[in-house]
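For reference, the structure is listed below as structure tokens.
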Ligand code: PAF
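Numbering (our numbering), first residue to last: 1 to 281.
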């Protein structure tokens with residue numbers, strides 16, 4: 001494992017790798033690594049000759065400065081977790097290395113998909129994600145990049161970004177990794193107090209209930225029941241919607257496949273999760 005902090009180190013390394021025709025995998029992260037990240041990184045290591053993991057808490061994607069400041073940072077622990085993996089480059093740039101003033105960026109229009117769900121509730125969030133991922137893709141120039149499906153909408157937007165800027169990278173969406181009780185793994189879980197941690201599982205319970213009731217009752221009544229499960233556990237729902245997996249627009253009727261997407265505050269901590277729900281009819 002090697003750690004780079006400057007763009008130049010990464011660019012020189014990447015040129016060597018391309019000359020040697022090595023296949024590069026890339027896993028962008030904001031650190032506070034958990035088993036969900038590790039599963040992406042291990043998959044990337046199996047499928048590529050070399051893997052780059054970036055660790056950068058991207059200020060541009062936080063629409064609230066309190067959330068940015070509370071975001072867990074634990075670089076030493078992260079490096080410990082990865083040290084057993086070979087052929088790994090960790091890129092931990094400072095803000096000025098990530099966003100040098102002389103690197104141009106033409107923002108893309110995210111279209112309707114960027115205005116729904118997270119886009120509607122966290123203005124500027126996806127614009128910030130696109131900015132940093134554009135710069136990272138440009139620097140690393142990987143063959144394959146790995147993203148978790150927990151951030152379902154982000155994954156859809158990364159696919160758009162890849163097409164828009166013609167990076168030609170294979171974008172690989174990986175299954176959400178869950179705790180034993182079903183809570184989706186997230187760096188934000190570290191901020192939950194013990195009682196909040198117990199209540200947070202209501203999100204998974206609500207999603208599972210939706211999945212088990214596709215087509216059995218009206219969408220409206222299933223949404224209402226799902227909201228009650230979460231609210232009775234004391235969480236505050238930001239949104240809970242059943243949407244088309246491609247357009248992310250709300251479904252008025254059940255269809256063959258839909259995805260239920262939730263964002264809810266558990267105390268001060270905003271958690272998101274989703275579940276693909278297939279019709280059994
Ligand atoms: O999913 C995340 O952790 C971040 O949004 C990402 C993709 C690393 C960009 O900062």
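The beta-carbon is built from N, C-alpha and C at its ideal position, and this holds for glycine as well.
Span separating the alpha-carbon of residue i from that of residue j
| i | j | result |
| --- | --- | --- |
| residue 169 | residue 247 | 22 Å |
| residue 45 | residue 239 | 36 Å |
| residue 87 | residue 50 | 5 Å |
| residue 56 | residue 151 | 17 Å |
| residue 263 | residue 217 | 23 Å |
| residue 202 | residue 191 | 17 Å |
| residue 242 | residue 21 | 44 Å |
| residue 124 | residue 4 | 29 Å |
| residue 196 | residue 35 | 20 Å |
| residue 95 | residue 43 | 28 Å |
| residue 278 | residue 199 | 26 Å |
| residue 134 | residue 161 | 8 Å |
| residue 106 | residue 209 | 43 Å |
| residue 237 | residue 109 | 28 Å |
| residue 41 | residue 1 | 13 Å |
| residue 156 | residue 213 | 26 Å |
| residue 103 | residue 7 | 11 Å |
| residue 260 | residue 276 | 6 Å |
| residue 38 | residue 13 | 23 Å |
| residue 132 | residue 187 | 19 Å |
| residue 280 | residue 219 | 15 Å |
| residue 230 | residue 126 | 26 Å |
| residue 93 | residue 184 | 28 Å |
| residue 130 | residue 158 | 7 Å |
| residue 48 | residue 17 | 12 Å |
| residue 250 | residue 225 | 17 Å |
Range covered by the alpha helix (DSSP H) that runs through residue i
| i | result |
| --- | --- |
| residue 97 | 95–98 |
| residue 25 | Looking at the DSSP string, residue 25 is not in any alpha helix (DSSP H); the run it does join, the beta strand (DSSP E), is 24–29. |
| residue 258 | Counting along the chain, residue 258 falls outside any alpha helix (DSSP H), though it belongs to the beta strand (DSSP E) covering 257–266. |
| residue 137 | 125–140 |
| residue 309 | The structure shown does not extend to residue 309, since the chain is modelled only from 1 to 281, so the question has no answer here. |
Cutoff 7 Å: residue i Cβ touching any chain B Cβ
| i | result |
| --- | --- |
| residue 62 | Given the protein chain composition of this structure (a single chain), no chain B is represented. |
Any non-hydrogen atom of the ligand PAF within 6 Å of residue i CB
| i | result |
| --- | --- |
| residue 176 | no |
| residue 151 | yes |
| residue 28 | yes |
| residue 189 | no |
| residue 58 | yes |
| residue 140 | no |
| residue 349 | What is shown of the chain runs 1 to 281, which leaves residue 349 out entirely. |
| residue 52 | no |
| residue 129 | yes |
Residue i - DSSP class collapsed to helix/strand/coil
| i | result |
| --- | --- |
| residue 293 | Limits of the chain in this structure are 1 at one end and 281 at the other, which puts residue 293 out of reach. |
| residue 32 | coil |
| residue 45 | helix |
| residue 62 | coil |
| residue 222 | helix |
| residue 227 | helix |
| residue 168 | coil |
| residue 214 | coil |
| residue 186 | coil |
| residue 53 | strand |
| residue 208 | helix |
| residue 173 | strand |
| residue 105 | coil |
| residue 2 | strand |
| residue 159 | helix |
| residue 115 | coil |
| residue 178 | strand |
The beta strand (DSSP E) enclosing residue i, as first and last residue numbers
| i | result |
| --- | --- |
| residue 270 | 269–278 |
| residue 241 | 236–243 |
| residue 147 | 144–148 |
| residue 88 | 88–91 |
Taking 8 Å as the threshold, find out whether the segment 128–142 comes into contact with the segment 253–272 through three or more Cβ pairs.
no
Determine, using beta-carbon pairs with one atom in the segment 70–82 and one in the segment 111–118, whether at least three such pairs fall under 8 Å.
no
For the pair the segment 177–188 and the segment 199–214, tell me if three or more CB-CB distances fall below 8 Å.
yes
Give a yes or no on contact between the segment 22–39 and the segment 70–79, applying the rule of three or more CB pairs nearer than 8 Å.
yes
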